[in-house]
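Structure first, then comments.
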Amino acid sequence: MDSQKSVKILAIETSCDDTAAAVVTLEGGAPVIRSSVVSSQIELHRQYGGVVPALAAREHVKNLVPVVDEAMRGAGVAPDDIDAIAVTQGPGLIPSLLAGVSGAKALALVWRKPLIGIHHIEGHIYANFVRVDESKETFPLLALVVSGGHTELVLMRDHFEYEILGRTKDDAAGEAFDKVAKMLGLPYPGGPEVAARAAAADTSESHLRFPRPMIDSGDYNFSFSGLKTAVLYEIKKTPEVDRDDAFMNAICHAFQEAVVNVLTAKTKRAIAEHAPTTLVIAGGVSANVALRESLSDMVAAEFPYTRFVVPEFRYSLDNAAMIGSAAALRYARLSTEEHEALQRNAIDLEPDANLWLGKTSLERIAPRP
Ligand code: KG4
Ligand code: ZN
93 MDSQKSVKIL AIETSCDDTA AAVVTLEGGA PVIRSSVVSS QIELHRQYGG VVPALAAREH
153 VKNLVPVVDE AMRGAGVAPD DIDAIAVTQG PGLIPSLLAG VSGAKALALV WRKPLIGIHH
213 IEGHIYANFV RVDESKETFP LLALVVSGGH TELVLMRDHF EYEILGRTKD DAAGEAFDKV
273 AKMLGLPYPG GPEVAARAAA ADTSESHLRF PRPMIDSGDY NFSFSGLKTA VLYEIKKTPE
333 VDRDDAFMNA ICHAFQEAVV NVLTAKTKRA IAEHAPTTLV IAGGVSANVA LRESLSDMVA
393 AEFPYTRFVV PEFRYSLDNA AMIGSAAALR YARLSTEEHE ALQRNAIDLE PDANLWLGKT
453 SLERIAPRP
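The sequence shown: position 288 = 380 (this note's numbering), numbered continuously.
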């Protein structure tokens, strides 16, 4: 199929605690977001200090139909206008994934549409393609993936081809932010709270410095659990009366600085080795302003031939527009026979909590060709 052809995708994402739907089209080969609706469950899970999977699934089931309806209305489209339905197949929480996959399957069967399973991290990476100008050389592309569940450096030599250069040995970057927030008694999700306190810190007052784990390890792997422990020791050795705002801000600042330093150093090494024409960041931590600035400064200073692209803030956190972006580009690259197979096999699509960001995923999206 001609990759320039017009394509309309209804996308659904329910991998964690956001119920999301979006309508995405292709224009001149580039994804355009026609609507993007996200219903957040943060208030519900905040009482428990984290996401409770069974509660998340129940909310997804309650919210999915209204959210899909709002996305369709927002884009001014009817079921007949939709070419295919896309849904996050994994990774994520199984109860949450099941809600979205079941809903998407039902729509695909009743409306007789092809159903495309998309990897959640592929979605985060493709949030950037709303902005990437593909008239310029796009690949090789390096993606720094930093979410609540993943921290990886991924090299792409072409669309949908992934080579994982390195990953975290323990906690993901977002998870480390969330755990540090918890130690400081800050609400869930911790990333934005820690970032706000880090920005408010008076850096002339504090000389706190945390270790940069694995910064010189000579590979592209990460580790954040030691850093988290160092933060815990610092908190424990400070008498409770001294844990005031200035102290909390200083901790957040020093912690964020350590994370950002390590992420920037490893990304720099990967650019030096692989000379990508494009660097993107993907996942919830890509909303972190200090990380964006640090990477932007590093690329500007060292690599004039690499373009640094960041997703719009509203597509940094979990959303369905990113799933639609990946699905639209995938769909446009498939043949009519493959589209038909995706429709026939819609009933077989199963969520996978540990889905692998594979080399090619035709097998995954068309399980019985
Ligand atoms: O991609 P995402 O929305 O969900 C997953 O796929 O995991 O990422 C959520 C993670 C959480 O750990 C959250 O604390 C973190 O992203 N996060 C941030 C910021 N905003 C969200 N971390 C640091 N700074 C932020 N501004
Ligand atoms: Zn995510």
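Just so it is clear, CB atoms sit at the ideal spot from N, CA and C, and this is done for glycine as well.
Beta-bridge pairing by DSSP links Glu244 to Val237 and Arg259. In the assembly as shown, Thr330 is an exposed residue. Its beta-carbon has fewer than 16 other beta-carbons within 10 Å. Between the ligand ZN and Leu409, a heavy atom-to-CB distance of less than 8 Å is present. Annotation for Cys344 indicates a beta carbon at 8 Å or more from all heavy atoms of the ligand KG4.
The distance from the Cβ of Ala191 to that of Leu156 is about 6 Å, consistent with a contact at the 8 Å cut-off.
A distance below 8 Å between beta-carbons, with the five flanking residues on each side excluded, links Asp270 to the following residues of its chain, in chain order: Gly142, Gly240, Tyr280, Pro281, Gly282 and Gly283. Arg384 carries a helical assignment under DSSP once its states are collapsed to helix, strand and coil. Our two residues, Ala290 and Gly195, have alpha carbons roughly 40 Å apart in a direct line. Between Thr359 and Met390, the gap from beta carbon to beta carbon is short of 9 Å. Three or more Cβ pairs closer than 8 Å define a contact, and the stretch 103–110 meets that threshold against the stretch 406–419.
In this chain, Phe400 is not harboured by any alpha helix (DSSP H); it is covered by the beta strand (DSSP E) spanning Arg399 to Val401. For Gly241, the distance from the CB to the nearest heavy atom of the ligand ZN is below 8 Å. Short note on Glu267: C-beta closer than 8 Å to some heavy atom of the ligand KG4. If you draw a straight line from the Cα of Ala122 to the Cα of Asp410, it comes to about 20 Å. DSSP places Lys205 in no alpha helix (DSSP H); its state is neither H nor E. In the assembly as shown, Val272 is a buried residue. Its beta-carbon has 16 or more other beta-carbons within 10 Å.
Here Asp389 carries a helix assignment [DSSP, helix/strand/coil].
Taken through DSSP and simplified to helix, strand or coil, Phe231 comes out as coil.
A distance below 9 Å separates the beta carbons of Ala265 and Phe316.
Per DSSP, reduced to three states, the secondary structure at Val160 is helical. Relative to the ligand ZN, His216 has its C-beta within less than 8 Å of a heavy atom. Excluding the 5 residues flanking it on each side, Gly184 has same chain C-beta neighbours closer than 7 Å at Ser107, Cys108, His212 and Ala445, in chain order.
Rounded to the nearest angstrom, the Cβ distance from Ser386 to Val354 is 11 Å, too far for a contact under 8 Å. In terms of CA proximity to Leu247, Glu365 leads the group Glu365, Leu426 and Asn380.
The C-alpha of Arg304 is placed about 14 Å away from the C-alpha of Asp262. DSSP places Val354 in the helix class (H, G or I) of the three-state scheme. From the listed residues Trp448, Leu449 and Ile439, the smallest Cα separation to Ile177 is found for Ile439.
Beyond the five residues adjoining it in sequence on each side, Leu199 comes within less than 6 Å, by CB distance, of Ile177 in the same chain, given in chain order.
In this structure, Phe231 lies near His251, with their beta-carbon atoms less than 9 Å apart.
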